[in-house]
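What follows is a set of notes on a single structure, which appears directly below.
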DNA sequence: CCGCATCCCTTACGATACTG
DNA sequence: CAGTATCGTAAGGGATGCGG
């Protein structure tokens, strides 16, 4: 792959920007099984306000990852679903999620260790 | 994998938090080939200020992904390198980067399309 | 060169309340 | 239920300058 060039302002930054916020990846993931209504998404996800969910969906829509559709019979019934492009992002997201499951404990352990620091090391963040 | 549970406040969020800022992934990537001094990192990366780089490295250090070492001979010569844990994150990062190389064009195309909108669709972000 | 201290700005995010 | 409008806070990030 030798994606070394993605430093500076290479194209790969684009994907990191897509994942550089709290909710994009989570919402994409919540849509993995098929179309979902906003209220369903909020239930599945938990802890996301209506406003932020809408913002996130607009952002994903803007980037071509998500599609918005109103039920022809009941136009107030809205559904969102992944586009073909959006589905292709599930694999990388899954890779990140799988990593977390495997190494999440180590990260938390490191955080705790950093909070009871060896006094002579350059001070940690905490 | 069925990481469906990572919605709500599951552990998988941990990894997304790690990648939920502009520079963490980029700096990790810049360290992939071995130890680097801050000045080297800034050259490789481009567009990152000294202050922000330091903050980022502290953050990564705090999460156990990066290690800071001073040259015993010249203590003002500092080097950072990936920890074993940090190296394991390279694979998921690579997955994201590879995705960007493959689909980045489509994202940019979608962005442009959203900026010259079909007037009757729910307004895009722009 | 390292990295800390300031200052300032922008934006994400959250809570709440309100309209169709 | 879907979405918007406000308001407020917190944090990321950029620019600059200083001290070790």
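Protein chains in written order, with my numbering: chain A, 3 to 128; chain B, 3 to 128. Cβ coordinates follow ideal geometry from the N, Cα and C atoms, glycine included. Predicted, not measured: the structure shown is a model, and the values here were computed from it.
* Asked: residue 69 of chain B lies in the beta strand (DSSP E); which residues open and close that run?
  -> 68-72
* Counting only runs of 4+ residues fully inside the stretch 38-101 of chain A, write out the alpha helix (DSSP H) ranges in chain order. => If only uninterrupted alpha helix (DSSP H) runs of at least 4 residues are considered, those enclosed by the stretch 38-101 of chain A are 40-47, 52-64, 86-90.
* Nearest to residue 17 of chain A (by Cα), restricted to the options B:23, B:63, B:15 -> B:23
* To do: Out of A:89, A:100, A:47, A:79, state which residue places its alpha-carbon closest to the alpha-carbon of residue 25 of chain A.
  => A:47
* **Limits of the alpha helix (DSSP H) - the one that residue 26 of chain A falls within** => Residue 26 of chain A -> alpha helix (DSSP H) spans 26-32.
* Are the beta-carbon atoms of residue 85 of chain A and residue 69 of chain A separated by less than 7 Å? -> yes
* To do: Residues of the stretch 39-65 of chain B with a CB closer than 8 Å to any CB of chain A: list them in chain order, please.
  => 46, 47, 48, 49, 60, 61, 63, 64, 65
* For residue 79 of chain B and chain A, any beta-carbon pair shorter than 7 Å? -> no
* Below-7 Å beta-carbon distance, residue 105 of chain A vs any chain B residue -> Closer than 7 Å: yes.
* Could you give the C-beta distance for residue 65 of chain B and residue 33 of chain B, rounded to a whole number, given that I count them as a contact under 8 Å? -> With a Cβ gap of about 14 Å, residue 65 of chain B and residue 33 of chain B do not count as contacting.
* **Where the alpha helix (DSSP H) containing residue 19 of chain B begins and where it ends** => 14-21
* Anyone know if the C-beta pair for residue 40 of chain A and residue 83 of chain A falls short of 7 Å? -> Taking C-beta atoms as the reference points, residue 40 of chain A and residue 83 of chain A fail to come closer than 7 Å.
* Of all the residues that make up the stretch 17-30 of chain B, which are near chain A by a beta-carbon distance shorter than 7 Å? -> 17, 18, 21, 22, 23, 24, 27, 28
* To the nearest angstrom, report how far apart residue 87 of chain B and residue 98 of chain A are at their CA atoms. => 14 Å
* Pull up the distance between the alpha-carbon of residue 43 of chain B and that of residue 105 of chain A, whole angstroms please. => 26 Å
* Asked: What number of angstroms, rounded off, separates the C-alpha of residue 73 of chain B from the C-alpha of residue 80 of chain B?
  -> 6 Å
* Can you give me the Cβ contacts of residue 30 of chain B inside the same chain, cut-off strictly under 8 Å, excluding the 5 residues immediately before and after it? => If we look at residue 30 of chain B and ignore the five residues flanking it on each side, its Cβ neighbours are 62, 67, 68, 84, 88, 91, 92, 95.
* Asked: Hey, out of A:45, A:13, A:59, A:14, whose CA is closest to residue 27 of chain A's CA?
  -> A:59
* To do: Return no unless some Cβ of chain A is closer than 7 Å to the Cβ of residue 94 of chain B.
  => yes
* To do: Tell me, to the nearest whole angstrom, how far the beta carbon of residue 103 of chain B is from that of residue 14 of chain A; I am working on the premise that it is less than 8 Å.
  => 6 Å
* From the DSSP output, in three-state form, read off residue 36 of chain B for me. => coil
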